[in-house]
């Protein structure tokens with residue numbers, strides 16, 4: 011079905027206006043300042059969760075997490091007991107004491123969520139997948155006790 015020349019012109023004007031507006035906004039975007047860090051681990055890190063300029067958590071391979079509480083001057087890393095073979099795909103942090111880690115692995119039970127309330131000294135499993143068809147990608151939290159995990 012052919013469209014009228016007016017509707018084609020209106021559509022073209024809309025697209026051009028959107029393109030010009032988007033291009034103008036892109037010029038105003040500020041890029042973050044990247045500062046190299048010594049993470050305290052040789053494991054590959056995958057996820058990061060900044061709480062504020064001083065407190066940042068990161069997570070990665072072989073059950074590893076790392077946290078700084080002084081803006082990156084010093085990092086403390088560790089491995090979650092029982093999760094040594096897992097990859098922490100996501101981390102959500104709320105303070106220097108409270109954080110969640112979400113793992114993936116090769117078995118359905120490897121998809122887990124752990125929580126610490128003491129800065130990573132101890133971890134408690136909050137969830138372990140039982141669905142053989144699930145694959146967890148990420149999680150997000152509104153509060154330290156309210157969140158959601160996303161699965162394919």
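Residue numbers (the numbering used here): 11 to 162. Here a beta-carbon is modelled for each residue, glycine too, at the ideal position from N, C-alpha and C.
Query raised in the report: Does the count of Cβ pairs from the stretch 38 to 52 and the stretch 91 to 101 closer than 8 Å reach three?
Result: Too few Cβ pairs lie closer than 8 Å, so no.
Query raised in the report: What span of residues does the beta strand (DSSP E) with residue 103 cover, start to end?
Result: Unbroken beta strand (DSSP E) run through residue 103: 97 to 103.
Query - Burial state of residue 145, where buried means 16 or more other Cβ atoms lie within 10 Å - result: Sixteen is the threshold: since fewer than 16 other Cβ atoms of the shown chains lie within 10 Å of the Cβ of residue 145, the residue is exposed.
Query raised in the report: Among the residues of its own chain, which have a CB less than 8 Å from the CB of residue 63, if the five just before and after it don't count?
Result: Setting aside the 5 residues that flank it on each side, residue 63 is surrounded in the same chain by 81, each with a C-beta closer than 8 Å to its C-beta; the list follows chain order.
**Report entry** CB of residue 151 within 8 Å of CB of residue 102, strictly
**Finding:** In this structure, residue 151 lies near residue 102, with their beta-carbon atoms less than 8 Å apart.
Query raised in the report: To which residues of the same chain is residue 157 closer than 8 Å at the C-beta, ignoring the five residues directly before and after it?
Result: Excluding residues within five positions, the ones whose Cβ falls inside 8 Å are 102, 110, 149, 150, 151.
Query raised in the report: Can you tell me whether residue 39 is buried or exposed, with buried defined as 16 or more other CB within 10 angstroms of its CB?
Result: Exposed is the call here.
Query raised in the report: Exposed or buried, what is residue 119 when buried is set at 16 or more other beta-carbons lying within 10 Å of its beta-carbon?
Result: With fewer than 16 other Cβ atoms inside 10 Å of its own Cβ, residue 119 counts as exposed.
Query - Alpha-carbon spacing of residue 75 relative to residue 85, whole angstroms - result: Cα atoms of residue 75 and residue 85: separation of roughly 10 Å, rounded to the nearest angstrom.
Query raised in the report: residue 21 by DSSP, collapsed to three states: which one?
Result: With a pLDDT of 49 at residue 21, under the threshold of 50, the modelled position of this residue cannot be trusted, and the question is left open.
**Report entry** Length of the line joining the Cα atoms of residue 104 and residue 61
**Finding:** Residue 104 and residue 61: Cα-Cα distance of roughly 6 Å.
Report task. Measure the alpha-carbon distance for residue 136 versus residue 47 and round it to whole angstroms. Result -> Each residue's Cα considered, the two are about 30 Å apart.
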